[in-house]
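Protein chains in written order, with the UniProt record's numbering: chain Y, 1 to 352; chain X, 1 to 352.
For every residue, glycine included, the Cβ atom is placed at its ideal position computed from N, Cα and C.
Report on the structure given below.
Laid out in structure tokens, this is it:
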């Protein structure tokens with residue numbers, strides 16, 4: 001707004017849970033912005049959002065909205081991205097898309113800057129931001145892979161409801177209030193709004209995130225499996241996932257078992273590797289009960305890793321506990337970080 | 001009490017979360033009881049408990065309390081068991097101990113009736129009831145082992161706070177109420193009352209259950225590892241566990257990955273095996289969003305298994321989601337079930 005130099009940034013889905021975090025993250029990072037366009041569905045258009053101290057009116061997202069835009073951050077659902085991301089790209093914007101619409105498209109780089117920033121060079125106007133639970137895991141795995149190779153990954157997730165949007169967080173709190181006040185309630189949203197049945201999330205754990213595929217895995221689980229292979233450039237990596245929704249508002253946790261290719265790694269060295277790795281805060285001190293927890297990660301950009309220990313049977317096997325704010329590193333921060341990488345790599349037109 | 005035939009049963013820890021469930025389970029099963037002695041610490045002695053419609057006054061547990069007792073169900077903490085279980089056994093009672101005090105003692109059978117009921121023949125006055133999270137897992141694993149052998153188990157748990165006792169459930173509800181009312185609170189109990197630090201459990205996940213061992217695993221994790229090998233008579237079985245406490249009052253869930261010894265098993269056959277297995281309710285119908293959840297298992301004796309699917313890389317690998325009421329099959333019901341097995345096997349003196 002006030003700035004005369006910088007990029008023209010659009011945020012699509014500006015009123016959603018992730019969109020709001022994108023706007024906050026752009027502010028916090030003092031991202032070089034000359035103009036910001038906050039876009040949304042017709043329903044939310046007209047809302048007012050404060051950005052860098054000035055009021056911005058949210059506009060309906062249309063193909064023409066992207067004229068002159070340098071970078072468009074999309075987080076308004078897959079169908080909006082499918083329709084409008086190509087329109088934005090056609091008009092010269094670089095799209096950073098937070099939905100699953102283009103993630104497995106071979107022409108679209110799927111990027112976590114700590115892991116495969118160089119893939120940005122291959123972009124054709126659209127860059128995909130991976131699934132939240134995938135991002136935090138690959139940040140923790142990549143430094144190990146670099147030194148010891150990676151053979152197998154088995155992950156069980158403990159995912160927060162904000163991954164399903166702001167309404168799901170409301171549902172969690174409303175159900176919780178109803179249960180502790182002994183009042184009736186009716187689940188309406190979780191595990192998947194569009195699916196047939198809805199279940200209680202308060203004081204419960206739901207082993208379904210996204211819809212089921214024919215192989216018995218959920219779509220969320222297949223996202224973790226396929227996206228991990230693509231981001232890490234390891235098509236042969238063995239990956240399995242079980243994804244579970246918890247009564248936690250924000251902060252995904254993951255119990256990760258890995259087997260590395262090369263022998264010789266110890267738990268102590270693994271801790272040392274992760275302590276030095278980008279984007280990671282090591283929280284691993286059992287004697288002082290230091291380990292990552294979702295309640296501690298909220299509002300922070302890093303991926304937190306702890307509970308690191310060698311498997312008792314498989315010397316190349318290790319267990320880790322990985323926690324991150326799913327709205328930040330899992331979504332908004334990774335998207336803005338990609339935008340920062342585009343500037344750093346000279347892939348976006350120079351700051352005017 | 002009213003009955004002139006049956007056994008003299010003692011419940012030690014009668015006012016605790018598990019003790020209360022033991023009393024209820026004895027009632028529900030119409031267990032043949034001629035006399036019941038409800039015992040506790042001096043602090044809780046004098047409380048009144050209704051059993052089979054009659055008021056019973058809780059007495060302080062002392063060595064002499066076990067004179068004439070046929071079966072003594074202990075659930076009053078490891079130190080009480082260490083002190084009083086041998087006293088009860090010396091007086092001719094068969095002790096079924098729900099604490100970890102004697103579980104790994106080679107002279108004490110560690111029993112889950114669906115798995116190793118025959119081990120009861122080897123008892124020397126004391127029988128150990130396994131850890132709650134171990135019990136539900138081995139019930140699900142044993143039928144698979146019988147037909148295909150078992151090589152490897154990797155489990156991540158999603159455990160309810162009632163595993164830490166009734167006060168922990170109170171702490172969960174009090175913290176929850178404070179958070180949704182925006183009031184301050186101070187964690188005092190979880191993850192481990194006697195440990196240095198206490199953390200928020202409401203809307204959080206704590207990757208610590210019981211204290212840490214030198215190898216980086218918690219004692220709860222080592223219980224799952226060692227008890228599974230002992231119960232299943234598989235000292236060479238590869239087992240790894242990550243145990244996590246959730247904001248769930250009752251009902252433990254487990255994400256279990258297994259590798260079987262012999263090839264040829266399919267997910268469909270695994271479902272068929274578990275459907276016919278004792279103590280298991282199969283809940284596995286992804287098309288209709290049928291899978292086990294802690295909120296559904298409360299008050300039921302069975303182990304619920306679902307989300308069964310073959311690993312995408314390892315043909316002998318399978319994933320399961322296992323849920324059970326940790327106070328029932330995980331504690332009170334398994335203990336009473338052992339008592340029923342003792343009668344069935346003629347190991348307790350005949351019903352008078």
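Where do the N-terminal and C-terminal ends of the alpha helix (DSSP H) with residue i fall, by residue?
i, result
"residue 169/Y", "166-180"
"residue 145/X", "132-148"
"residue 115/Y", "113-116"
"residue 232/Y", "219-232"
Thinking C-alpha only, which one of the options is nearest residue i?
i, options, result
"residue 264/Y", "106/Y, 318/Y and 290/Y", "318/Y"
"residue 287/X", "331/Y, 218/Y and 226/Y", "218/Y"
"residue 252/Y", "136/Y, 308/Y, 185/Y and 147/Y", "136/Y"
"residue 146/Y", "179/Y, 186/Y, 302/Y and 261/Y", "261/Y"
"residue 213/X", "307/Y, 163/Y and 235/Y", "307/Y"
"residue 321/X", "237/X, 176/X, 139/X and 210/X", "139/X"
"residue 103/Y", "178/Y, 222/Y, 46/Y and 43/Y", "222/Y"
"residue 187/Y", "298/Y, 202/Y and 126/Y", "202/Y"
"residue 54/X", "68/X, 27/X and 159/X", "27/X"
"residue 200/Y", "236/Y, 87/Y and 247/Y", "247/Y"
"residue 256/Y", "336/Y, 304/Y and 42/Y", "304/Y"
"residue 97/X", "345/X, 342/X, 331/X and 340/X", "331/X"
"residue 161/X", "336/X, 175/X, 10/X and 345/X", "175/X"
"residue 225/X", "56/X, 154/X, 125/X and 341/X", "154/X"
"residue 167/Y", "11/Y, 18/Y and 329/Y", "18/Y"
"residue 359/Y", "292/Y, 228/Y and 44/Y", "Residue 359/Y lies beyond the residue range present for chain Y, which begins at 1 and ends at 352; the question has no answer from this structure."
"residue 134/X", "126/X, 23/X, 172/X and 230/X", "230/X"
"residue 95/Y", "115/Y, 235/Y and 125/Y", "125/Y"
Considering only DSSP beta bridges, list what residue i is partnered with.
i, result
"residue 55/Y", "50/Y"
"residue 153/Y", "239/Y and 258/Y"
"residue 35/X", "8/X"
"residue 285/Y", "290/Y"
"residue 60/X", "40/X"
"residue 110/Y", "128/Y"
"residue 158/X", "253/X"
"residue 337/X", "According to DSSP, which records beta bridges pairwise, residue 337/X is partnered with nothing at all."
"residue 264/Y", "DSSP output for residue 264/Y lists no bridge partner at all."
On the criterion of 16 or more Cβ atoms from any shown chain inside 10 Å, does residue i qualify as buried, or is it exposed?
i, result
"residue 191/X", "buried"
"residue 83/X", "exposed"
"residue 1/X", "With a pLDDT of only 44 at residue 1/X, under the threshold of 50, the placement of this residue in the model should not be trusted; the figure read from the coordinates follows. Its Cβ having fewer than 16 others within 10 Å, residue 1/X is exposed."
"residue 79/Y", "exposed"
"residue 208/X", "buried"
"residue 60/Y", "exposed"
"residue 105/Y", "exposed"
"residue 129/Y", "buried"
"residue 170/X", "exposed"
"residue 347/Y", "exposed"
"residue 272/X", "exposed"
"residue 109/Y", "buried"
"residue 119/X", "buried"
"residue 121/Y", "exposed"
"residue 302/X", "buried"
Hey, could you find the ends of the beta strand (DSSP E) residue i is sitting in?
i, result
"residue 281/X", "280-282"
"residue 97/X", "94-97"
"residue 323/X", "317-324"
"residue 274/X", "No beta strand (DSSP E) holds residue 274/X; the alpha helix (DSSP H) holding it covers 267-276."
"residue 126/Y", "126-128"
"residue 71/X", "71-74"
"residue 310/Y", "303-310"
Query - Near-chain X residues of the segment 234-267 of chain Y (beta-carbon distance less than 7 Å), N- to C-terminal order - result: 238, 240, 242, 244, 246, 247, 248, 249, 253, 255, 257 and 267
Requested in this report: Could you please tell me which residues of the segment 274-300 of chain X, in chain order, have their CB closer than 8 Å to any CB of chain Y?
Outcome: 286, 287, 288, 289, 291, 292, 293, 294 and 295
Query raised in the report: Which residues, in chain order, does the segment 174-203 of chain Y contribute to contact with chain X at a C-beta distance below 8 Å?
Result: 176, 177, 180, 191, 195, 196, 197, 199, 200 and 203
Requested in this report: Name, going along the chain, the residues of the segment 144-177 of chain Y whose beta-carbon falls closer than 7 Å to a beta-carbon of chain X.
Outcome: 154, 156, 158, 173, 176 and 177
**Report entry** Near-chain X residues of the segment 313-336 of chain Y (beta-carbon distance less than 8 Å), N- to C-terminal order
**Finding:** 313, 314, 317, 319 and 321
Requested in this report: Output, in sequence order along the chain, the residues in the segment 208-222 of chain Y whose CB is closer than 7 Å to any CB in chain X.
Outcome: 208, 212, 215, 216 and 217
**Report entry** Contacting positions in the UniProt domain "Semialdehyde dehydrogenase NAD-binding" (8-123) of chain Y - beta carbon closer than 8 Å to chain X
**Finding:** none
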